Every structure is written in structure tokens, then in C-alpha cells.
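Counting from 1, one number per residue, gives the positions in the sequence shown under the UniProt record's numbering.
To start, the structure under review is shown below, and the notes come after it.
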Amino acid sequence: MPFQSPVNLILMGKFEGFYKSRYRVRKQTGLFGEYLAKHKERPFGAQRVEKWRAALTEAANLSGWDLQNVADGYESKFIEKIIQQVLQEVNQTPLDVAWHPVGVDYRVKDIELLLQNECEDEVRMIGIHGVGGIGKTTLAKAIYNRMFRLFDSSCFLSDVRSEAEEFGLVKLQEKLLRQILKTEDIKVGSIAQGINLIKARLGSKKVLIVLDDVDHKRQLEALTRERSWFGSDSLIIITTRDERLLCRLGEKERYEAKLLNGNEAMLLFCWHAFDSHFPPQDYVNLAHDIIKYSGRLPLALVTLGSHLQGSSIEEWGYEVEKLRAIPHSDIQKILKISFDGLDNETQTVFLDIACIFHGFDEHKVNEILNACGFHTRSAIATLVQKHLLRRSWNHLLVMHDLVRDMGREIVRMESPPDPGKRSRLFIPQEVCDVLQGNKGSKNVEALRVDPGTLKGVNLSTKAFEKMKNLRVLIINELHISGDFGLLSKNLRWLSWKKCPLKYIPSNFPAENLVVLDMRESDIQEFQLNLQCCRSLKELNLSRCKQLRSTPNFNGSLGLETLYLYGCSSLTEIHPSIGNLSRLIKLYMSGCEKLTDLPSSICQLISVDYLDIDGCSSIKTLPDNLGDMKSLRYLYASYTGIKQLPRSIEMLRNLVTLRVEGEKLEAKWSISGRGVHRIQYSLSTFVSFLSLTYCNLSEDDIPRDIGSLFSLEYLDLSGNNFYYLPIDFSKLLLLAELYLNDSENLQTLPSVSNLEKLRILQIKNCQKLVKITELDNLPSIERIIMMNCSSLQNPFSEGFFSAPALYASRKEDPDMCGLDIYFQCNEIPKWCRNQVTASSICLTVPAHNNKEYNFLGMVLWFVSDLFDVFRHNPCFRIIIAHKETFIMTWTDDIDVTDDIDITDGHREVSCVYYRSDLDKLFDGEMIEVWSDNVTVKKIGIHMLYLDQHGKVISLPGDVDHSYSKYPK
Numbered sequence: 001m002p003f004q005s006p007v008n009l010i011l012m013g014k015f016e017g018f019y020k021s022r023y024r025v026r027k028q029t030g031l032f033g034e035y036l037a038k039h040k041e042r043p044f045g046a047q048r049v050e051k052w053r054a055a056l057t058e059a060a061n062l063s064g065w066d067l068q069n070v071a072d073g074y075e076s077k078f079i080e081k082i083i084q085q086v087l088q089e090v091n092q093t094p095l096d097v098a099w100h101p102v103g104v105d106y107r108v109k110d111i112e113l114l115l116q117n118e119c120e121d122e123v124r125m126i127g128i129h130g131v132g133g134i135g136k137t138t139l140a141k142a143i144y145n146r147m148f149r150l151f152d153s154s155c156f157l158s159d160v161r162s163e164a165e166e167f168g169l170v171k172l173q174e175k176l177l178r179q180i181l182k183t184e185d186i187k188v189g190s191i192a193q194g195i196n197l198i199k200a201r202l203g204s205k206k207v208l209i210v211l212d213d214v215d216h217k218r219q220l221e222a223l224t225r226e227r228s229w230f231g232s233d234s235l236i237i238i239t240t241r242d243e244r245l246l247c248r249l250g251e252k253e254r255y256e257a258k259l260l261n262g263n264e265a266m267l268l269f270c271w272h273a274f275d276s277h278f279p280p281q282d283y284v285n286l287a288h289d290i291i292k293y294s295g296r297l298p299l300a301l302v303t304l305g306s307h308l309q310g311s312s313i314e315e316w317g318y319e320v321e322k323l324r325a326i327p328h329s330d331i332q333k334i335l336k337i338s339f340d341g342l343d344n345e346t347q348t349v350f351l352d353i354a355c356i357f358h359g360f361d362e363h364k365v366n367e368i369l370n371a372c373g374f375h376t377r378s379a380i381a382t383l384v385q386k387h388l389l390r391r392s393w394n395h396l397l398v399m400h401d402l403v404r405d406m407g408r409e410i411v412r413m414e415s416p417p418d419p420g421k422r423s424r425l426f427i428p429q430e431v432c433d434v435l436q437g438n439k440g441s442k443n444v445e446a447l448r449v450d451p452g453t454l455k456g457v458n459l460s461t462k463a464f465e466k467m468k469n470l471r472v473l474i475i476n477e478l479h480i481s482g483d484f485g486l487l488s489k490n491l492r493w494l495s496w497k498k499c500p501l502k503y504i505p506s507n508f509p510a511e512n513l514v515v516l517d518m519r520e521s522d523i524q525e526f527q528l529n530l531q532c533c534r535s536l537k538e539l540n541l542s543r544c545k546q547l548r549s550t551p552n553f554n555g556s557l558g559l560e561t562l563y564l565y566g567c568s569s570l571t572e573i574h575p576s577i578g579n580l581s582r583l584i585k586l587y588m589s590g591c592e593k594l595t596d597l598p599s600s601i602c603q604l605i606s607v608d609y610l611d612i613d614g615c616s617s618i619k620t621l622p623d624n625l626g627d628m629k630s631l632r633y634l635y636a637s638y639t640g641i642k643q644l645p646r647s648i649e650m651l652r653n654l655v656t657l658r659v660e661g662e663k664l665e666a667k668w669s670i671s672g673r674g675v676h677r678i679q680y681s682l683s684t685f686v687s688f689l690s691l692t693y694c695n696l697s698e699d700d701i702p703r704d705i706g707s708l709f710s711l712e713y714l715d716l717s718g719n720n721f722y723y724l725p726i727d728f729s730k731l732l733l734l735a736e737l738y739l740n741d742s743e744n745l746q747t748l749p750s751v752s753n754l755e756k757l758r759i760l761q762i763k764n765c766q767k768l769v770k771i772t773e774l775d776n777l778p779s780i781e782r783i784i785m786m787n788c789s790s791l792q793n794p795f796s797e798g799f800f801s802a803p804a805l806y807a808s809r810k811e812d813p814d815m816c817g818l819d820i821y822f823q824c825n826e827i828p829k830w831c832r833n834q835v836t837a838s839s840i841c842l843t844v845p846a847h848n849n850k851e852y853n854f855l856g857m858v859l860w861f862v863s864d865l866f867d868v869f870r871h872n873p874c875f876r877i878i879i880a881h882k883e884t885f886i887m888t889w890t891d892d893i894d895v896t897d898d899i900d901i902t903d904g905h906r907e908v909s910c911v912y913y914r915s916d917l918d919k920l921f922d923g924e925m926i927e928v929w930s931d932n933v934t935v936k937k938i939g940i941h942m943l944y945l946d947q948h949g950k951v952i953s954l955p956g957d958v959d960h961s962y963s964k965y966p967k
């Protein structure tokens with residue numbers, strides 16, 4: 001018996017007849033007892049017999065079969081049963097993953113890294129989520145194949161969604177138990193009974209379970225609700241399109257399946273289309289068209305590659321054109337599964353975004369569709385979690401192209417032969433046909449005319465007469481005339497950019513309008529009475545260059561956003577603007593003829609954003625500006641303003657003040673305290689402060705500027721101060737500091753306390769001699785000091801070996817680099833490996849990786865400044881071990897903007913600190929060069945942490961002639 005566990009054998013007890021019954025084996029009675037008694041009398045027999053008794057007892061305790069009970073005493077039948085059982089136990093074969101599993105291995109490694117974060121002895125769970133067709137099942141199968149032999153038993157439940165729908169959850173529970181326990185003799189009567197069986201039978205087993213394509217919480221509750229149902233070190237993998245189902249998993253237990261990159265997409269497509277790595281030369285352009293159309297979605301690449309295999313170039317061309325109009329049915333079917341699982345309202349929101357609002361700002365879509373009676377925020381959240389929609393970095397709503405096309409195909413199928421009877425019109429040719437033929441119907445809810453679609457065509461308002469349920473209308477650059485009372489009274493959003501009308505007619509159906517966008521139009525004045533626009537929340541009249549005055553705002557008291565920027569003929573703002581108690585954002589930049597702001601504007605207690613940049617005729621701000629209690633962002637650059645009102649001190653919520661390009665005068669006239677006192681009196685919550693080219697001296701900057709403890713961004717470029725106050729070092733949250741064109745700046749105080757500083761930029765400061773204590777900036781990512789000819793080199797070896805620098809990068813792997821650019825033609829002597837050449841190759845010095853922990857590498861280039869000016873230089877590093885390529889690193893820079901490169905300083909030092917490289921081992925070769933700029937000198941400095949916590953550097957063996965890789 002002792003050999004069972006070490007070699008992972010499975011013991012199966014077989015008891016043949018009564019005389020060998022389990023009872024007699026366990027108690028050693030009958031013949032067992034007689035034989036054991038005889039052996040006990042032999043030499044050393046007592047010790048052996050005791051071991052045999054223990055082994056027999058353990059064998060009897062095994063779950064076994066009895067010849068009489070299992071096979072009615074028939075040995076042949078008994079043997080057949082044994083064979084079936086053995087085959088079930090040992091015949092676990094891997095699953096078929098994919099014909100060509102391109103990119104799968106890399107993604108499996110991502111999952112394995114997540115699993116390494118889990119604690120031992122715990123039941124681990126991993127949820128894989130993503131849009132349909134992205135390869136979740138393929139990835140789950142690959143993980144299953146790698147790991148199933150490590151578990152007592154395993155089960156892969158495919159297509160849980162459809163299995164549950166067709167056969168019910170009880171059958172799924174039975175299937176799970178039968179696969180794990182390897183027996184067909186399991187019947188489940190109810191979900192509750194199935195849960196009890198799972199807990200009782202699997203609670204002590206180390207199991208691997210995959211639930212593929214889960215789409216409802218009930219499925220998880222019936223199969224894997226609690227981790228305690230399974231033995232320690234079990235692993236549960238769930239794939240789903242709906243991230244909400246994984247809400248009980250930790251952040252590191254969820255993995256979003258990734259699209260293929262460009263190379264992977266091409267490889268996968270070519271395998272299915274050509275049975276080759278690459279497309280034939282004649283097919284290259286068409287292959288790229290397919291890759292672009294597919295959006296790198298594996299489902300689409302496999303489907304289209306198989307569909308086009310063996311087709312001629314002409315047939316490929318026809319298919320590509322067809323796909324642009326009608327999605328492939330197999331792809332449509334898979335993607336539509338997620339759509340079918342939505343409720344009616346969420347489906348409507350999805351179709352609106354797919355057809356009309358794709359790429360629009362989320363806030364605006366919320367505003368418009370909420371006005372249509374939808375719960376838009378909830379619907380968008382659902383779509384995002386189901387991977388039918390995503391938010392871009394700048395809050396735009398976007399879809400994968402194929403998901404978007406799936407939605408548009410659903411709308412097309414509402415009435416394939418007659419576009420006028422569909423709910424949404426957006427395809428240019430169909431829109432032209434419907435409008436010019438007056439073929440619209442009450443079914444049309446949204447219509448979009450792309451710019452230029454009907455250029456030069458004059459339409460009558462009768463084209464819209466039948467569209468009684470139209471709620472969204474986009475008719476940019478369209479020429480329409482007639483009775484505007486024929487337009488739908490259900491309109492919620494009207495976008496009519498470059499409208500040719502000189503005025504908006506009084507019978508315009510605006511009672512339900514939420515957004516009216518008339519930017520870049522020829523409008524001179526409003527005849528439309530805004531008193532009927534009680535639902536209006538956004539009015540956009542930006543760049544209406546003929547607009548001379550704003551409308552009377554009385555009646556449109558719900559207005560929240562008003563755009564007037566670029567209205568270069570605007571001379572008057574109606575005083576009723578002060579009655580807009582809900583107005584939040586007011587954009588008026590570039591109104592060049594506007595001479596003043598009405599005092600009533602200070603009654604706008606809800607406004608948090610005011611922009612009057614470029615209003616060059618405005619000489620003063622209202623004295624009671626401080627009454628705008630909610631104001632957080634004030635932009636007043638390049639105006640005629642000479643002094644700021646004293647009441648600005650009352651803006652306690654102000655977080656951003658930008659006053660650029662102003663020659664502020666009479667500073668001391670403001671309560672005798674000057675601009676510096678005004679700044680000090682600003683809200684301590686100011687996070688963004690830009691006072692560039694404002695003629696400020698050191699006396700204008702408060703000594704206690706450090707009291708602005710929320711400041712994250714500070715730009716004082718183009719001023720006249722000689723130094724900054726010492727209190728400057730108290731700006732503990734400061735992340736970006738810009739001091740360009742500070743012609744008189746001579747010294748910079750210690751910045752060692754600025755632990756959040758990421759960017760330090762100092763250009764064209766010819767008198768700057770010294771920067772104090774630069775060696776303790778844990779968050780620094782970029783330093784630019786260009787055209788500072790008097791500046792001493794501030795970068796010592798201690799700067800790069802400072803504990804704060806490497807400790808912060810160890811805690812946050814994403815913050816792995818530091819880039820430095822300044823004019824210097826020498827590499828310091830502390831840099832251990834340097835050459836006067838255009839490239840360098842060295843061998844990693846001999847060291848013990850257990851004694852020395854690699855921290856990072858300093859790469860120092862002295863390059864030609866004119867090359868850097870002409871190009872965005874690209875520097876590369878290759879690390880190779882035993883002639884095996886390991887990695888390539890590139891970095892693009894652009895640092896020569898706005899500097900004088902004709903003053904004789906011809907060299908620039910480009911210095912990089914990298915901590916994201918793998919451990920360097922003895923004998924590895926490092927080669928560094930530039931692709932596109934002249935490099936005159938190169939240095940490499942490798943930093944290690946020894947056992948005593950001291951940072952040291954080790955010299956490498958530089959090979960001046962070696963060049964393994966082509967440039």
C-alpha cells in the first residue's frame with residue numbers, strides 16, 4: 001500500500017465471493033485468520049503479520065466491488081465491468097483546442113500568471129470574459145489541456161448557455177457529477193439535491209472544472225456557487241460574455257480575452273485561407289482588407305478564411321464588397337447571441353448607438369436617450385459588461401466593428417426591400433432614396449445624413465412629414481426649405497451643422513428638444529422663442545460667424561451647456577443669461593468683438609466651467625465674479641484683461657486657473673497685495689495652474705505657494721523671475737512642472753520632496769546654473785533640459801541609484817522607465833561601460849543572481865542635435881543569450897520643439913533608465929544602437945542590489961567589433 005500516493009496509482013478493491021468478503025478481509029477472520037496465525041509463529045513473523053493486517057484493513061476500507069453484487073457471481077461479466085472502469089479512469093484525453101491555435105500560448109501564460117497569485121490550498125477561480133468569437137472557449141480548452149493531469153478529476157462543460165436552456169440545470173448537474181466521479185449511475189431529482197450531491201461527493205476532491213459560455217447567474221449558483229463545495233487546490237474556470245457574472249471574483253481572478261495583434265491576425269487568416277503563413281503576393285492587399293474588416297476577431301478570421309479558401313482574386317473582390325454591405329451570416333449568428341439576451345430597452349439603446357451614436361460622447365448620449373424615456377446609464381453599463389460596447393479613454397462610446405455591423409444588420413432586416421420602413425436610416429444611398437422619394441414612414445425613429453451625401457440638393461420639409469415618431473435627426477450641411485412645422489414633434493436631438501438658414505423659424509417644433517446643435521451655421525438671429533424650449537439642455541451655436549447677439553434665454557431655464565465659442569461677430573450677450581440657474585458649462589472663447597460680460601453672468605451659481613480665452617476685446621472681468629460659487633475651471637488667456645478682480649479670492653472651489661499671454665499691470669492695485677497675493681488666496685483645492693508669459697517677477701510669486709497643497713500641474717513659463725521660493729518644495733502632489741523660456745531663472749530650489757513629480761521641463765533657460773537636490777524623485781518619468789547652456793550636469797550616479805527610484809519601480813511594474821534629455825557632449829566617468837562609437841555590445845559580467853539582484857540599466861547616448869531635431873530618434877536594445885533573441889526595446893522622443901538649435905551646441909544627451917528588463921545572466925550579450933540618428937558616444941551602466949541592500953554597479957566586457965544583428 002505505501003506505493004499508492006508517490007506514483008499516483010488508483011487502487012480498486014475486488015472482493016470475489018463470501019469467503020473473501022470485505023468483512024473477513026477487514027477483521028482477518030476465517031481462512032485469513034488461520035494463515036496469519038501460522039505465519040506469526042515463524043522467525044520475524046510477528047512484525048510481518050502486523051504489517052499485513054494493517055494492509056488488509058486498508059484494502060478492505062477501499063471503495064470496492066463484490067463479485068456477487070456487481071456481476072451476479074459471473075466472472076466474465078465481472079472482468080468486463082473492471083475493464084470499463086479502468087478505461088474510464090485512465091482514458092482522459094486532451095480536448096481539441098483549435099486547428100491553428102495562433103496566439104493561444106501567450107494568453108495561456110497570462111492566465112498562469114494570475115493563478116500564481118492565488119494562495120495554496122484554496123479553491124481557485126478564474127473568469128474569462130470577452131465579446132463573442134474572441135476565443136474564450138479556445139483559451140479555456142488550452143488551459144484545461146495543460147492542467148487536467150494535475151487534478152484528481154476534471155470536467156469541461158461545453159456550451160452551458162444552450163445546454164441549460166435545452167435540458168435544464170438538473171441535467172447539467174448530473175453531467176458534472178458523472179464526469180468528475182466517472183460513473184453513469186447518478187440521478188439528480190432537483191437543483192437542491194444536485195447541490196447537496198456536489199458538496200457531498202466533490203468536497204474532498206481536487207478537481208478542475210470548466211464552465212464554458214455561462215450567461216446567467218442561476219447556472220453558477222447550481223454548479224459552482226461556493227468554493228467550499230470542492231476540495232483544496234481545486235480550480236474552477238468560467239467563460240462568459242457578461243462580466244457582471246464574475247462580480248464575486250477578485251480583480252486578479254478575472255481575465256479579459258484580448259483581440260489578436262496584427263501579425264497574429266494575418267497568420268490565423270492565412271492558415272485558413274491559404275494553408276500558409278503568408279498570403280500569395282497577388283492576394284496581399286485583399287488579405288489586409290479582410291484583416292481590417294474583421295477587427296482582428298478570431299471568429300471572423302477563421303470563418304472568412306475558410307469561406308474564401310480556393311477562391312479567385314475576382315471572387316475575393318466580390319466577397320469583400322458584399323461584406324461591407326451584409327455581414328457574414330455565421331459571424332452574425334454568433335455575435336447576435338449577446339444581443340438576444342438583452343431586454344427590449346437595452347436592445348433599443350444598443351441599436352441607437354450602433355446606427356447613430358457610435359463614437360459619440362457618453363454624457364451626450366445619456367442626455368439624449370434619457371430624454372427619449374430610456375434608462376440609458378443602466379443600459380450602457382449592461383452593454384459594456386456584455387462586451388457589446390466599450391468606453392474609449394476620452395469617454396466616447398465605441399463598438400467592435402463587427403458588433404456594430406451586427407446591430408446595423410438587425411435594423412436592415414426589419415424591412416430589407418424598403419428602407420423607409422426601418423427604424424433607423426443611416427446608409428447614405430438609402431437615406432438619399434428615402435428623402436428624395438418621400439418614402440419615409442412612422443417607423444423611422446432616427447435618421448442621419450452624412451456631410452456631402454446630398455450636396456447641392458434642396459429638399460422640402462415634406463420629405464419628413466410621414467416620420468411622426470422621429471426622435472433623432474442629424475442633417476448636417478443639408479439644404480431644407482418649407483414648412484418646418486411638418487417636422488416631428490417628438491424630436492429630442494437635432495444636429496444641423498452648417499445650416500444655411502439666416503434665422504430659425506418661429507414654428508420650429510422645439511418643445512421636446514433636448515439638444516440643438518447649429519454650429520458653423522449662417523444664423524444671424526433667433527426668431528424661435530426659447531420659451532417653448534423647456535426641455536432644452538444643450539444649445540450649440542459655436543463658430544456661427546454671423547451671429548451678432550444671443551437669443552433671450554427666458555423660458556429655457558433647464559439649459560445646462562451653452563456653446564458660443566468662435567462667434568467672431570458676437571457683440572452682445574443677452575442679460576437674461578443670468579436666469580439660467582442650471583447652466584453648468586459656458587464656452588465663449590474666440591468671441592473677438594465681445595467687449596464685456598454682462599454683470600448678470602455672476603448670478604450663474606451652478607456654472608463650474610467658464611472659458612473666455614481669446615476674447616481679446618474684453619478688458620475686465622465683472623467685479624462680483626466671486627459670486628460664481630461653483631466655478632472650478634476659469635480660462636482667461638489672451639484677452640485684454642489687465643488685472644484680476646479682487647473677488648476671485650472668493651472662488652473657493654476653483655481648481656484650474658489659466659491666464660496666459662497677459663501683461664498684467666497694476667498688480668499692487670489689487671488690495672495692495674498684487675498678483676502674488678491673489679494666487680495665495682486662491683482655493684487650496686486648485687490642481688491646475690497656468691500663468692505663462694504674464695510678466696511675473698519673483699515678487700509676484702508668493703513665498704508660501706506651498707499652501708496650494710492640491711496643485712498637480714504648474715506652468716510658469718515665459719516669466720521674469722530669477723528664482724522660485726523655497727516653499728515651492730511643499731507642493732507634495734505636484735506631478736508636472738514647466739519653466740520654459742524663463743530667461744532670468746538662475747537656480748531651482750530643492751525638489752527632493754516632490755515625490756509625485758513625473759515631468760520636469762526646462763527649456764531655453766540660459767542663465768540657469770544649478771538645480772538643488774535632484775536625487776530623490778521616486779515618480780519621475782521624464783526630464784527635459786534643453787538649451788540651458790549654463791546648467792551644470794545634475795545627474796550623478798547617486799541620482800540613478802537612489803533607493804526611492806528603484807523601490808517605486810519595483811512596487812509599480814508599469815512605471816519602469818525614466819527618460820532624460822539635455823544638452824551635454826560627455827558621458828560621466830561613473831558610467832562603467834562606454835565607447836566613442838555609434839553602437840555598443842557588451843557581455844554581462846559574471847555574478848551570482850542570488851547575491852546580486854538586477855535593478856535596472858542606464859543607457860546614455862550622445863547624439864547629434866540636428867538629427868534629433870529632424871527626426872523622432874529611435875534607440876534599440878537587444879539582449880541575447882546563446883544566440884537566442886530575447887527582446888527588443890524602442891523609444892520615440894520629440895524634445896526639440898521651441899528651442900534654438902543654431903547657438904553652437906551641437907550635441908544632446910539622451911539618457912534612459914530601464915527597470916523592465918528581465919534578470920541578466922552571465923554571458924548574455926547586450927547590443928545598443930540607434931536606427932535613425934547619429935550617435936557619437938554610448939554608455940551602459942548596470943545597477944544591482946547586493947545582499948546588504950547597497951546599490952552597486954558591475955562592469956561588463958565591451959566588444960568594440962561585435963555586431964550580431966543587422967541595423
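For each residue, glycine too, the CB sits at the ideal point set by N, CA and C.
Predicted model only: the values in this text are computed from it and were never measured.
Alpha carbons only, please: which of the options is nearest the one belonging to residue i?
i, options, result
"aspartate 110", "Leu95, Ile126 and Ser790", "Ile126"
"leucine 559", "Cys372, Asn579 and Val403", "Asn579"
"asparagine 443", "Lys421, Phe230 and Tyr821", "Lys421"
"tyrosine 633", "Val607, Ile195 and Ser616", "Val607"
"serine 204", "Ile337, Leu259 and Ile180", "Ile180"
"alanine 142", "Ser796, His100 and Met518", "His100"
"glutamate 314", "Asn285, Thr692 and Asp340", "Asn285"
"leucine 631", "Leu610, Ser647 and Glu924", "Leu610"
"threonine 772", "Asn787, Leu737, Ser729 and Tyr738", "Ser729"
"tryptophan 271", "Leu301, Lys763 and Ser294", "Leu301"
"serine 576", "Gln531, Gln546 and Leu177", "Gln531"
"isoleucine 701", "Cys765, Ser707, Gln546 and Pro725", "Pro725"
"arginine 227", "Val123, Ser488, Glu221 and Ala257", "Val123"
So, helix, strand or coil for residue i, using DSSP?
i, result
"glutamate 781", "coil"
"serine 306", "helix"
"asparagine 261", "coil"
"valine 210", "strand"
"isoleucine 827", "coil"
"cysteine 788", "coil"
"glutamate 525", "strand"
Any idea which residues DSSP pairs residue i with across the strands?
i, result
"leucine 945", "Asn853 and Val951"
"phenylalanine 357", "Paired residue(s): none; phenylalanine 357 is not in a bridge."
"alanine 446", "Arg424 and Val472"
"threonine 747", "Lys770"
Between residue i and residue j, how many whole angstroms is the CB-CB distance? I'm expecting something under 8 Å.
i, j, result
"lysine 462", "glutamate 477", "That belief does not hold up - the Cβ atoms of lysine 462 and glutamate 477 are roughly 20 Å apart, past 8 Å."
"threonine 137", "threonine 239", "6 Å"
"isoleucine 612", "threonine 571", "In fact, because the Cβ distance is near 15 Å, the residues do not count as touching under 8 Å."
"proline 598", "isoleucine 573", "6 Å"
"leucine 447", "isoleucine 480", "About 12 Å separates the two Cβ atoms, so there is no contact after all."
Check your understanding: Using 8 Å as the Cβ pair cut-off and three pairs as the minimum, do the segment 387-396 and the segment 411-429 touch?
Key -> no
Point to revise | Cβ pair count under 8 Å reaching 3, the segment 930-942 against the segment 830-849 | key: yes
Practice item. Tell me, please, whether the segment 594-603 touches the segment 564-573 by the rule of three or more beta-carbon pairs shorter than 8 Å. Key: yes
Exercise for review: Check whether the segment 139-154 touches the segment 166-176, taking contact to mean three or more Cβ pairs, one atom from each stretch, closer than 8 Å.
Suggested key: Of all C-beta pairs linking the segment 139-154 to the segment 166-176, fewer than three are shorter than 8 Å, placing the two stretches out of contact.
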